[in-house]
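Using numbering that gives the first Met the number 0, count along the sequence shown one by one with no gaps and you end on 217. Step one of this worksheet: look at the structure below.
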Amino acid sequence: MSVHADIEQRARLALHVLTDRQWSRERSFLDVAAAALAGGATTIQLRDKHADTRTLIQEGLALRELTREHNALLIVNDRIDVALAIDADGAHVGQDDMPGEYARRLLGPDRILGISAGNMDEALAGIAAGADYLGVGPIYATQAKADAGEPIGMQLLTELAKRYTTPLVAIGGITPENALDILQAGAAGIAVIRAVVAADDIAAATRQFVTVHRNAKG
0 MSVHADIEQR ARLALHVLTD RQWSRERSFL DVAAAALAGG ATTIQLRDKH ADTRTLIQEG
60 LALRELTREH NALLIVNDRI DVALAIDADG AHVGQDDMPG EYARRLLGPD RILGISAGNM
120 DEALAGIAAG ADYLGVGPIY ATQAKADAGE PIGMQLLTEL AKRYTTPLVA IGGITPENAL
180 DILQAGAAGI AVIRAVVAAD DIAAATRQFV TVHRNAKG
């Protein structure tokens with residue numbers, strides 16, 4: 000499953016919605032994901048920094064069934080073991096998680112590997128490790144991820160889009176109002192937490208991003 004070569008898979012990187020208990024306003028992760036998928040999310044990323052392994056697997060299995068119903072991708076944040084256990088489409092690792100080359104070895108060639116990059120060195124290392132996409136950011140300041148670091152703006156995104164073919168998924172403070180600029184700068188997709196999972200109407204918030212992506216990419 001190569002995101003580089005598979006047009007359908009690349010299209011499913013368009014809108015990542017990350018699960019997050021803190022911002023979900025006491026709504027269940029499954030209800031949040033179902034509403035986001037109904038609104039057009041193309042990828043759900045299971046992200047739960049506080050759950051134990053058994054809970055993550057239970058959550059993941061429920062999400063695996065739901066994402067298959069919607070022909071969406073399921074990516075597990077950080078936990079390669081959980082991704083394999085639930086037959087997820089892939090996993091995403093950050094700079095403090097398992098190094099990309101080891102994540103690729105465990106995932107094998109047929110699952111998607113996303114790697115976070117906040118500077119050019121990290122991006123090049125991610126590409127060398129076999130990343131199917133790079134999570135670039137934080138583009139703007141964000142309260143949704145305590146470990147996100149300082150915003151980097153769009154320069155890295157623009158440079159990577161000019162020089163490399165690896166799909167780029169932008170993250171960090173993205174809203175429907177600024178998403179168009181990011182997509183036009185070269186991002187294949189965007190990843191959001193608070194702008195969707197904290198919304199009053201999750202499906203409607205998701206549709207706003209879908210509309211922006213459609214307008215940017217034609």
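Where is the CB? At the ideal position from N, CA and C, for every residue including glycine. Keep in mind the model is a prediction, meaning the values are calculated, not measured.
Simplified DSSP state of residue i, which is helix, strand or coil
i	result
Gln-207	helix
Gln-111	In the sequence as presented, Gln is not what sits at residue 111; that position holds Ile. If DSSP states are grouped into helix, strand and coil, Ile-111 belongs with the strands.
Asn-70	coil
Gln-8	helix
Ala-197	coil
Tyr-132	strand
Ile-43	strand
Leu-17	strand
Ala-122	helix
Ala-116	strand
Local Cβ density within 10 Å of residue i, reported as buried at 16 or more and exposed below that
i	result
Asp-88	buried
Ser-115	buried
Gln-44	buried
Glu-64	exposed
Tyr-132	buried
CB contact flag (residue i, residue j, <9 Å)
i	j	result
Thr-205	Ala-10	no
Ala-82	Ala-71	no
Leu-17	Asn-76	yes
Ala-13	Thr-42	yes
Closer than 8 Å is the cut-off here; do at least three beta carbon pairs connect the stretch 188 to 204 with the stretch 150 to 162? no
Are the stretch 166 to 184 and the stretch 47 to 64 touching, with three or more C-beta to C-beta distances below 8 Å? Contact between the stretch 166 to 184 and the stretch 47 to 64 is absent, because fewer than three Cβ pairs lie under 8 Å.
Completely contained beta strand (DSSP E) runs for the stretch 134 to 192, where each covers 3 or more residues: 167 to 170 and 188 to 191
Can you find at least 3 beta carbon pairs, one from the stretch 194 to 203 and one from the stretch 23 to 35, that sit closer than 8 Å? yes
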